[in-house]
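There are 2 protein chains.
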Amino acid sequence: MLSKKTQYALKALGYLASKYGQGPILISEISQTKKIPIKFLETILLELKTAGVLESKKGKGGGYYLAQHPKKTTMAQAIRLVGGPIAMIPCVSLNFYEKCADCDEATCGLFKTMKATRDATLKILEKKTLIELMDEY
Amino acid sequence: MLSKKTQYALKALGYLASKYGQGPILISEISQTKKIPIKFLETILLELKTAGVLESKKGKGGGYYLAQHPKKTTMAQAIRLVGGPIAMIPCVSLNFYEKCADCDEATCGLFKTMKATRDATLKILEKKTLIELMDEY
DNA sequence: ACATTAGTCTATTAAGGAAGTAGACTGAAT
DNA sequence: ATTCAGTCTACTTCCTTAATAGACTAATGT
Numbered sequence: 685m686l687s688k689k690t691q692y693a694l695k696a697l698g699y700l701a702s703k704y705g706q707g708p709i710l711i712s713e714i715s716q717t718k719k720i721p722i723k724f725l726e727t728i729l730l731e732l733k734t735a736g737v738l739e740s741k742k743g744k745g746g747g748y749y750l751a752q753h754p755k756k757t758t759m760a761q762a763i764r765l766v767g768g769p770i771a772m773i774p775c776v777s778l779n780f781y782e783k784c785a786d787c788d789e790a791t792c793g794l795f796k797t798m799k800a801t802r803d804a805t806l807k808i809l810e811k812k813t814l815i816e817l818m819d820e821y
Numbered sequence: 685m686l687s688k689k690t691q692y693a694l695k696a697l698g699y700l701a702s703k704y705g706q707g708p709i710l711i712s713e714i715s716q717t718k719k720i721p722i723k724f725l726e727t728i729l730l731e732l733k734t735a736g737v738l739e740s741k742k743g744k745g746g747g748y749y750l751a752q753h754p755k756k757t758t759m760a761q762a763i764r765l766v767g768g769p770i771a772m773i774p775c776v777s778l779n780f781y782e783k784c785a786d787c788d789e790a791t792c793g794l795f796k797t798m799k800a801t802r803d804a805t806l807k808i809l810e811k812k813t814l815i816e817l818m819d820e821y
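So the sequences go chain by chain: Z and G.
Each residue of the first sequence is one higher than the last, beginning at 685 in our numbering.
Each residue of the second sequence is one higher than the last, beginning at 685 in our numbering.
If you want it as structure tokens, here you go:
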């Protein structure tokens, strides 16, 4: 399960994708449209900015906007940025790898299965971009 | 990410699968072999028994064993029993469905993507059984 | 220059779940 | 009767998630 934070981040990114090229979008506008607690959303957007996915402008006429075209950011990247691992178990994670305490990866049955699952998931999430995250209307 | 509890459960099931047909296996044996805190393991095994996956025998010569042949239990079933949802987001979960607060599933971009991911994951987890969970040796 | 707007930073907190522990109880075998 | 081994009840500790408050900083328009 993705955390609320990750879900909020994805929704916000989808919204900003749909507004791409239209200048800065207010936090409050995203908050209201997507029903995300504004203070919580602030920290999330800031994090996405630090990660380089978003850029911002302060003051009047300010707001947040995508740093690059929505098709350039994949779902896999977006999830990892705020939500951490995509894999179901640390020892098969590409970006958040941690060795299992006890088991030997060469023989561990759980390892093999989880790896297969991860591959299937990644195959999708690395193909989908923020374009697909936009709502239809 | 699967919880420790779920990981322990899967490891224990894999071990019991490898001992299938050999009578009851001691909790302490599973605990030692798989490096799982014994008291925590107790509660997990009990839960699996209540769910019907395991059976047990008390007293001398007692222990836990699979209720049916390992090929009869899929990974998807096992994970759901102790770990809850497999989907990344509640609104695309088959067994733990919850409606999104705000979004319309017909138009939500996140919904579509997450559904595709869930399908890919399930396709694997419903094919794999406890047989694949056994360690090679 | 100054007021307003809007993002940035620090800090704190409430709630809940994950992980693990302790000890008494019950049923089965010899 | 004794021992073995699972069962049950009740905690405790810790960490993460989710959220809030309020002061600070930068940009804009007049």
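In this text, a Cβ means the ideal position worked out from N, Cα and C, and glycines have one as well.
Report task. Look at the alpha carbon of Z:A701 and the alpha carbon of Z:M818, and state the distance between them as a whole number of angstroms. Result -> A straight-line Cα-Cα distance of about 6 Å links Z:A701 and Z:M818.
(Q) I'd like to know whether the C-beta of G:A800 is nearer than 8 Å to at least one C-beta of chain Z. (A) Interface residue, yes.
Min CB distance Z:E820 to chain G below 8 Å: Yes, Z:E820 counts as interfacial toward chain G.
Establish whether the CB of Z:L709 and some CB of chain G are separated by less than 8 Å. The identity of residue 709 of chain Z in the sequence shown is Ile, whereas the question assumes Leu. Z:I709 is outside the set of residues whose beta carbon lies under 8 Å from a beta carbon in chain G.
**Message:** To the nearest angstrom, how far is the alpha carbon of G:K755 from that of G:T813?
**Reply:** Their backbone Cα atoms lie some 5 Å apart in a straight line.
Segment contact flag, the stretch 750-769 of chain G with the stretch 775-787 of chain Z, C-beta cutoff 8 Å, min 3 pairs = Fewer than three Cβ pairs drawn from the stretch 750-769 of chain G and the stretch 775-787 of chain Z lie within less than 8 Å of each other, which leaves the two stretches out of contact.
### C-alpha gap between G:C792 and Z:K796, whole angstroms
Their Cα atoms are separated by approximately 33 Å.
Report task. Output the boundary residues of the alpha helix (DSSP H) element that contains Z:S740. Result -> Careful: Z:S740 lies outside any alpha helix (DSSP H), inside the beta strand (DSSP E) at 738-741.
Buried or exposed for Z:Y821, going by 16 or more other Cβ atoms inside 10 Å? Label assigned to Z:Y821: exposed.
- Would you mind reading off the limits of the beta strand (DSSP E) that contains G:Y704? Taken as a continuous stretch (DSSP letters only), G:Y704 belongs to no beta strand (DSSP E), as it is neither H nor E.
Best match in G:A696, G:Y704, G:T690, G:L694 for proximity to G:Q752 [C-alpha to C-alpha]: Residue G:Y704 is the option with its Cα nearest to G:Q752.
_Would G:I812 pass as an interface residue toward chain Z - the criterion being a Cβ-Cβ separation below 8 Å?_
Inspection of the sequence shows that residue 812 of chain G is occupied by Lys rather than by Ile. With 8 Å as the cut-off, G:K812 counts as an interface residue toward chain Z.
Could you work out which residues of chain G lie near Z:E816, taking near to mean beta carbons separated by less than 8 Å? Listed by position along chain G, the residues whose Cβ is nearer than 8 Å to that of Z:E816 are G793, K796, T797.
### Task
Using 10 angstroms around the beta-carbon of G:K718, count the other beta-carbons present and answer buried if the total reaches 16, otherwise exposed.
G:K718 should be labelled buried.
Next on the checklist: Mapping the DSSP letters down to three states, classify G:I709 as helix, strand or coil.
Outcome noted: Strand at G:I709.
* Going along the stretch 746-778 of chain G in order, which residues come within less than 8 Å of chain Z, judged by CB to CB distance? -> When C-beta distances to chain Z are compared with 8 Å, the residues of the stretch 746-778 of chain G below that value are M759, G768, P769, A771, M772, I773, P774, in chain order.
- prompt: DSSP three-state call for Z:T862: helix, strand or coil?
  reply: Chain Z is shown from 685 up to 821; residue 862 of chain Z falls before or after that span and cannot be answered.
Show which residues of chain G have a CB atom less than 9 Å away from the CB atom of Z:A804. Per Cβ cutoff of 9 Å: T801, A804, T805, K807, I808.
Taking C-beta to C-beta, are Z:L738 and Z:L725 nearer than 8 Å? Against a cut-off of 8 Å, the Cβ pair of Z:L725 and Z:L738 comes out as no contact.
Next item on the list: Give a yes or no on whether the C-beta atoms belonging to G:I709 and G:S715 are separated by under 8 Å.
Entry: A distance of 8 Å or more separates the beta carbons of G:I709 and G:S715.
Tell me the DSSP secondary structure of Z:G698 in three-state form.
DSSP places Z:G698 in helix when its eight states are reduced to three.
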